[in-house]
Amino acid sequence: MNWSRFLRYLSPCFLYSLVIAPVSKAQNVEFLDSIGLQQRMLRFKSQFVSSRNLDILLPVDYFQSGKEYPVLYWMDGQNAFDDKVSYQSESLHFDQIVDKLIRDSVVRPFILVGVWNSEKRYREFNPSKAFEKLNSITKAAIKAEYGGKPLSDKYLSFLISELKPYIDRNFRTLSGAESTTVGGASMGALISFYALLEHPEVFGSAICMSTHWPLSRIKDCNACSDGFVKYLSTVDDTALKDKRIYFDYGTENLDSWYEPAQQKIDKVLDERKLSVQLTTVSHKWQGASHSHADWSQRLSSPLEFIFGLHSDESKADRQYTPGKL
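Residue numbers are given in numbering that gives the first Met the number 0: position 311 of the sequence shown equals residue 310, and the series is strictly consecutive.
Structure below.
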């Protein structure tokens, strides 16, 4: 056993157990040893969706500082920082990246809540109001591919009515929308953008990496992305007021589908920016693919855009260098 690491986390873990135990009798909690203070909460129960795990990353000074922290809710949370449970054993290495950004005084500390997906991921992450803008043939095709209609509104009810209140009760959070971010990659990015638009009173910013506008997993569906453009045009200005949104996409494999749709979304948002004080960045990463390895390599860019101590849109606009974190 690495006793120095064990002793480093013994006190925080013990304190955490004292804090969380009285209010989470129905939840099981594990502690994961890595950079930062991590917990895995098992089988978080919901009346809207099936039970699922949460991976939580706290700032290293959480139990000593007494401070309140902003929160990032990350979709497909099993991929956040644990290679043992992530897709193809390749996580995003949130713990390592955030630790370096904080030590270098690039971003302010924040709490990461990684929400594991379920076997109904595609249905839960399929934005229902955008889906309803599709023609009947396209809707039928997506329903057949996904195994049913969208469950996104139930999923959002879980996020805002159950999960966020639980996190705010049990952790020292800055609970306002201006301090609450939702994010993800691929379908996780799609539901994150939808969450911000549907619940601007809860979420003040969104991180959308390689947003899967086409919906389909087997072909580039232009009609599907057009459905989201139509939906976005119906969104009231108040949903966009004072928001910050990060978009990006690569150029290889599945990511090569995204540029036309992303440009349409960018155009709609650009036309409304000034009137609602909306801040966005949309970046094309030349040579990047649809993979955890590539998302991890550029993860510091959206984190700096949202949580940067010296926030500047240009800082999210950087050259992609394969093979480097």
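Ideal placement from N, C-alpha and C gives every residue a C-beta, glycine not left out.
On a predicted model such as this, the values are computed, not experimentally measured, just so you know.
Exposed or buried, which one is residue i when buried takes at least 16 other CB atoms within 10 Å?
i    : result
P213 : buried
E123 : buried
Q87  : exposed
A188 : buried
D82  : exposed
V22  : Below a pLDDT of 50, predicted positions are generally treated as unreliable, and V22, at 40, falls in that range; no measurement from the model is reported.
H92  : buried
R42  : exposed
Shortest alpha-carbon distance to residue i belongs to which of the options?
i    : options               : result
R102 : G286, L162, D60, A292 : D60
S160 : S45, C207, P108       : S45
Y248 : Q296, S204, V234      : Q296
A292 : S50, S85, K240, Y68   : S85
K240 : S90, E177, N134       : E177
Y245 : K229, E270, F304      : F304
T210 : H282, V267, L162, K83 : H282
R216 : N125, S232, L273, S49 : N125
L231 : R42, I110, L56, E131  : E131
F109 : M74, S151, Q63, P58   : P58
L157 : R271, M74, S204       : With the sequence shown as reference, residue 157 is identified as Phe, and Leu is not the correct amino acid for it. Among R271, M74, S204, the Cα nearest to that of F157 is on M74.
Leaving aside the five residues before and after residue i along the sequence, list all residues of the same chain whose C-beta is less than 7 Å from its C-beta, in chain order.
i    : result
L155 : A194, E197, H198
S288 : G249, E251, N252, D254
D167 : S174
R120 : M186
Note down, in chain order, each residue of its chain lying with its Cβ closer than 6 Å to the Cβ of residue i, except the 5 sequence neighbours on either side.
i   : result
D54 : R39, G76, A79, G113
What is the DSSP secondary structure of residue i, counted as helix, strand or coil?
i    : result
I244 : strand
H309 : coil
T333 : Nothing in the structure corresponds to residue 333, since the chain is present only between 0 and 324.
R107 : coil
W294 : helix
V124 : First, the residue type needs correcting, since residue 124 is Phe and not Val in the sequence shown. If DSSP states are grouped into helix, strand and coil, F124 belongs with coil.
E258 : helix
N27  : strand
R171 : coil
S204 : strand
K142 : helix
K119 : coil
D225 : helix
T250 : coil
G322 : Unreliable positioning characterises G322 in this predicted model, as indicated by a pLDDT of 34, which lies under 50. A coordinate reading is not provided.
D98  : helix
Q87  : helix
N134 : coil
Could you name the residues of the same chain whose beta carbon sits closer than 8 Å to that of residue i, not counting the 5 residues immediately before and after it, in chain order?
i    : result
R171 : Y61, G65, K66, E67, Y68
K142 : K148
S117 : V48, S49, R51, E123
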